[in-house]
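So for the sequence shown, the working numbering puts the first residue at 5; every next one is plus one. Yeah, the Cβ is synthetic: ideal placement off N, Cα and C, and Gly gets one too. It should be emphasised that the depicted structure is a prediction, and the values quoted were computed from it without experimental measurement.
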Amino acid sequence: MNAYIVTGASGDIGGAIARRLAADSCGLLLCANKNAGALEALTAECEALGSRCERFCGDLSAAAQAEAMAALALSRFGKIDGLINTAGTASLGLLTDLSESGWNEVLASNLTTVYQTCRAVVPAMVSRKKGVILNISSVWGVRGASCEAAYSAAKGGVNLLTKALAKELAPSGISVNALALGMVDTKMNAMLSQEELDAIAEEIPAGRSTTPAETAQMVRLLLTAPAYLTGQVIGFDGGWF
């Protein structure tokens, strides 16, 4: 049985990934920061699908919380086969209107959590010479988006952290990749009007957004890819960019 940690599991994408892995009877440590109720419901759902589950609530941008998360996974499953980082938050608006605290919150949620969770799980993976780290990123981390400076900067950091860490860990047989998502039908995009969503769909060659379920399917493929696939920022955007 493979054992995976999924951060941001109370969100649409994280939840879909958890359900997909649960369907394969994987062991799961499901993590969230604030939404304990949604995390509890997801845990019950994944257990009904045949998964052995544990849940963890905490701020994974803090070292102590990330280390506690990794320790819980090891105590429950004895190993960590993979870490899927989906935790994050968006911020829409002009840079000049973004407060310093707002900037710090976006970077902590999207980038610092990746640093802390990777730092927490890597020793256990290195000891086994085996493991997969998959960071959920965004096309805006490659191209940048107007009025999303903090989010773009954070995801750009995730992409380069992914590439750098992959070079460190490849000799230990551990792969590190990022999945750069385009438009996904999630609550995070509820800030956009239907007119704005339709305009974006017209720009996408596939003619539509993707779904959390499709994203989860892609994640499952990458988790089972050969370890030689590492250090890559893989676009999943319907041909948008």
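Tell me which residue opens and which closes the alpha helix (DSSP H) that residue i is part of.
i: Leu-115; result: Counting along the chain, Leu-115 falls outside any alpha helix (DSSP H), and DSSP gives it neither H nor E.
i: Leu-33; result: Premise fails: Leu-33 lies in the beta strand (DSSP E), 31-36, not in any alpha helix (DSSP H).
i: Met-222; result: 216-227
From the DSSP output, in three-state form, read off residue i for me.
i: Arg-59; result: strand
i: Tyr-232; result: coil
i: Ile-208; result: coil
i: Cys-50; result: helix
i: Ile-84; result: coil
i: Ser-156; result: helix
i: Asn-108; result: helix
i: Ser-14; result: coil
i: Asn-89; result: strand
i: Gly-148; result: coil
i: Gly-19; result: helix
i: Ala-45; result: helix
i: Ala-66; result: coil
i: Asn-163; result: helix
Per DSSP, residue i forms a beta bridge with which residues?
i: Ile-178; result: Gly-135
i: Phe-240; result: Leu-185
i: Ala-7; result: Gly-31
i: Ser-197; result: Bridge partners of Ser-197: none, in fact.
i: Ser-142; result: Leu-185
I think residue i touches residue j, with their Cβ atoms under 8 Å apart; what is that distance to the nearest whole Å?
i: Leu-87; j: Ile-137; result: 5 Å
i: Ser-14; j: Leu-43; result: 5 Å
i: Lys-133; j: Gly-177; result: 5 Å
i: Leu-76; j: Val-126; result: The Cβ separation is near 16 Å, so there is no contact.
i: Ser-64; j: Ala-91; result: In the sequence as displayed, the identity of residue 64 is Leu instead of Ser. Sure, about 6 Å apart at Cβ, within 8 Å.
i: Ala-74; j: Ala-128; result: 7 Å
i: Gly-242; j: Ala-210; result: 3 Å
i: Gly-145; j: Ser-156; result: 6 Å
i: Asp-202; j: Gly-135; result: Not really, about 41 Å apart at Cβ, beyond 8 Å.
Mind checking whether residue i and residue j have CB atoms under 8 Å apart?
i: Arg-23; j: Glu-49; result: yes
i: Ala-170; j: Val-162; result: no
i: Asn-89; j: Thr-11; result: yes
i: Ala-4; j: Gly-31; result: Residue 4 cannot be examined here, being either before or after the span of the chain that is shown, 5 to 245.
i: Thr-190; j: Pro-216; result: yes
i: Gly-4; j: Ala-72; result: The structure shown does not extend to residue 4, since the chain is modelled only from 5 to 245, so the question has no answer here.
i: Leu-96; j: Cys-151; result: yes
i: Gly-239; j: Ala-184; result: yes
i: Ser-141; j: Val-237; result: yes
i: Asn-139; j: Thr-116; result: no
i: Ala-205; j: Ser-213; result: yes
i: Ala-45; j: Arg-123; result: no
Identify the continuous beta strand (DSSP E) that holds residue i and give its terminal residues.
i: Gly-186; result: Neither: Gly-186 is in no beta strand (DSSP E) and is coded neither H nor E.
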